[in-house]
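Here is the structure we will look at.
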Amino acid sequence: MKKEMSFKLAIIPMAVLVAVMGVTVIILEQGPHIPLIVGTCVAAIIAWRAGYTWKEIEEAMYKGIRLALPAILIIILIGLTIGSWIGGGVVATMIYYGLKIITPSMFLVSITVICAIVSLAIGSSWSTMGTVGVAGMGIGLSMGIPAPMIAGAVISGSYFGDKMSPLSDTTNLASGLAGTDLFVHIRHMLYTTIPGLAIALAVYWYLGKDFGKAGVDVTDISQTIKVLGENFVISPFLLAIPLVVILLVAKKVPAIPALIAGIALGFAAQVFVQDGSLAGAVTALQSGYEIKTGNDMVDELFNRGGLDSMMYTVSMAMVAMAFGGILENTGMLHAIVNQILKLAKTSGSMVASTVVSCFATNATCSEQYISIVVPSRMYSKVYREKGLHPKNLSRALEDGGTLTSVFFPWNTCGVFIFGALGVHAFDYAPYAVFNFAVPILSIIYALTGFTITKLSETERRALNNGDDSTVSAS
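Following this line, the structure appears as structure tokens:
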């Protein structure tokens, strides 16, 4: 017979995971997979002792993994996109013209704005980082700007666009789970995202001044441009490939077929524009593009991509979601959140607790989807009981869940960024200004009551009568 999960039991898998993760990742400098497997085993044992059968525990893991399948497909396609766009000369062309146009002093600001626009158009931070972000790394490194700074600016811009785009999966997920109209949710996020972006741009402008004063080694830039010109056919027409993807998504073509179109065009460009072999183009898709130019920076940047490069992230997502699936479907997370709710007495502390809970879920469950799904289910009813408009919940889910996922090297987002940009989460974290400024602003707003919206009497009556259409549209 199943017994109700107590807080003391529920916290054990979390505590074990944090301890093992700390030793393995920080001290031993190994990957996060094994700690997550250990945590999953401990969670399974706790669930079994609480009366769950192995079949139920197994199904709980499957439920978690199924939730990650859309993200896993995107991860795979991003690997193929990087391989085909590098092989097709798309990334080289973007870097080539970027080096000619963008100045070092304004680079961090420029790449943030560019990534924000692209991500806003296509609704995907990962797609933006895996394409425009890769090119941005090449441009910035050629200007002598440290990789962590570049990655932080790329991440900030990409996540701003992702949060504010009606095409984003996390934006739709947060609004849908909270019971808020999509555009009501986006408008309510403006209060935290616009100041957050302004803070980030101000920081990047300040940091960029140093590179402007110190100057930049023109020889390095000229050498990079020369190497790119010698090894790739550079043409402005190749920029049409990412433009096609952006236009397709803007026309509401789903992300998967839009990315497939981009992959096919990149593949064709490698064969017909770069005069590569068919076998080489297939290899770029499978194991990544390979090149030896004699320029260490160019070689490091361009030897990447392909399906194989994303298998580390795919396996990470599956293990993380198996762990999260047990915690959610056996009542462990419910028990933990109930304990938190005892401390949240006011409306402001409730919203602040939501942001912190999302952050903690990212740290322990290692997956941003769980950090949105689980708190939404746990807090939704309580928000209504306290008379808080659901758009407060949807904004808190994104501020605390979507944005903070990048700060943990064992989270699927941190793993993906390391694979795409080649920078460790602990290195770029201080420079991902937007991603930590927004959660801080969100907590300040919650504790001061600024922009925290209450339900009107009409909306309360509508909810009591089971009609949430009035509330979701306001």
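Residues 0 to 473 in numbering that gives the first Met the number 0 are what the sequence shown lists, from first letter to last. Backbone N, C-alpha and C define an ideal beta-carbon position, used for all residues, glycine too. Everything numeric in this text was worked out from a predicted model, so none of it was measured.
Would you mind working out which of the options sits nearest residue i, comparing C-alpha positions?
i, options, result
"Ala419", "Ala49, Leu300, Ile339", "Leu300"
"Thr80", "Ile36, Ile198, Gly129", "Gly129"
"Thr179", "Gly399, Leu387, Ala428, Val405", "Leu387"
"Ser5", "Thr223, Tyr368, His333, Tyr378", "His333"
"Leu446", "Ser157, Gly122, Ser346, Ala70", "Ser346"
"Lys291", "Glu397, Gly86, Pro165", "Gly86"
"Tyr61", "Val318, Val405, Gly448, Asp426", "Val318"
"Ile111", "Phe159, Val90, Leu98, Ala239", "One point to set straight first is that residue 111 is Thr, not Ile, in the sequence displayed. If we check each option's Cα against that of Thr111, Phe159 comes out closest."
"Gln285", "Met142, Gly82, Val117, Phe182", "Gly82"
"Cys475", "Ile101, Pro103, Ala173, Trp125", "The chain is shown only over 0 to 473; residue 475 falls outside these bounds and no answer can be derived."
"Ile442", "Leu396, Val202, Val153", "Leu396"
"Ile10", "Cys364, Gly413, Leu440, Thr457", "Cys364"
"Leu242", "Trp84, Leu66, Leu8", "Trp84"
"Val405", "Thr450, Thr102, Phe435", "Phe435"
"Lys208", "Gly132, Asn410, Leu440, Thr102", "Thr102"
"Asn302", "Tyr311, Ala283, Ile325, Met320", "Ala283"
"Arg459", "Leu392, Arg383, Thr450, Gly421", "Arg383"
"Pro389", "Gly63, Leu181, Ser141, Met310", "Leu181"
Go ahead and label residue i buried or exposed: buried means 16 or more other beta carbons lie within 10 angstroms of its beta carbon, across all protein chains shown.
i, result
"Pro235", "exposed"
"Asp168", "buried"
"Tyr205", "exposed"
"Asn161", "Before going further, note that residue 161 is Asp rather than Asn in the sequence given. Counting Cβ neighbours within 10 Å, Asp161 comes out buried, since at least 16 surround it."
"Gln29", "exposed"
"Thr360", "buried"
"Ala46", "buried"
"Asp398", "buried"
"Leu68", "exposed"
"Ser221", "exposed"
"Arg186", "exposed"
"Val22", "exposed"
"Leu16", "buried"
"Glu327", "buried"
"Ile240", "buried"
"Phe407", "buried"
For the alpha helix (DSSP H) containing residue i, list its first residue and its last residue.
i, result
"Ile474", "For the chain, the structure presents residues 0 to 473; residue 474 sits outside this window and is missing."
"Leu387", "From DSSP, Leu387 is part of no alpha helix (DSSP H); its letter is neither H nor E."
"Leu242", "239-249"
"Pro12", "6-20"
"Ala319", "310-328"
"His333", "331-340"
"Phe159", "146-163"
"Met105", "Run containing Met105: none; DSSP gives neither H nor E here."
"Asp168", "168-177"
"Asn434", "432-447"
"Thr360", "346-364"
"Leu402", "Where Leu402 is concerned, there is no enclosing alpha helix (DSSP H), given that its DSSP letter is neither H nor E."
"Leu264", "254-267"
"Leu306", "Unbroken run through Leu306: none, as it is neither H nor E."
"Val538", "Given a span of 0 to 473 for the chain in the structure shown, any question on residue 538 remains unanswerable."
"Phe417", "411-420"
Roughly how far, in whole angstroms, is the beta-carbon of residue i from the beta-carbon of residue j, given that I think they are within contact range, below 8 Å?
i, j, result
"Phe266", "Leu35", "Between Leu35 and Phe266 the Cβ distance is about 34 Å, and since that is not below 8 Å, they are no contact."
"Gly293", "Gly304", "With 8 Å as the limit, Gly293 and Gly304 do not qualify as a contact, their Cβ atoms being about 20 Å apart."
"Met315", "Pro31", "7 Å"
"Thr127", "Leu237", "So it is not a contact: roughly 18 Å between Cβ atoms."
"Gln273", "Gly88", "5 Å"
"Cys114", "Gly175", "Contact doesn't hold; Cβ gap of about 26 Å is too wide."
"Val414", "Thr312", "5 Å"
"Leu140", "Ile149", "7 Å"
Please decide whether residue i counts as near chain C, where near means a Cβ-Cβ distance under 8 Å.
i, result
"Val226", "The chain labelled as chain C is not found in the depicted structure, where only one protein chain is given."
What do you reckon, is the C-beta of residue i under 7 Å from a heavy atom of the ligand ATP?
i, result
"Ser379", "In the structure shown, the ligand ATP is absent, as is every other ligand, since no ligand is present at all."
Practice task
Report yes or no: do three or more beta-carbon pairs, one from the segment 423-433 and one from the segment 347-354, lie closer than 8 Å?
Solution key: no
Practice task
Take every Cβ of the segment 69-88, pair it with every Cβ of the segment 190-204, and state whether three or more of those distances are shorter than 8 Å.
Solution key: no
Practice task
Inspect the CB distances between the segment 278-290 and the segment 124-141 and report whether three or more fall short of 8 Å.
Solution key: no
Handout entry: At least three beta-carbon pairs within less than 8 Å, the segment 368-378 to the segment 335-350
Key = yes
Handout entry: Any 3 or more C-beta pairs closer than 8 Å across the segment 182-190 and the segment 104-116
Key = no
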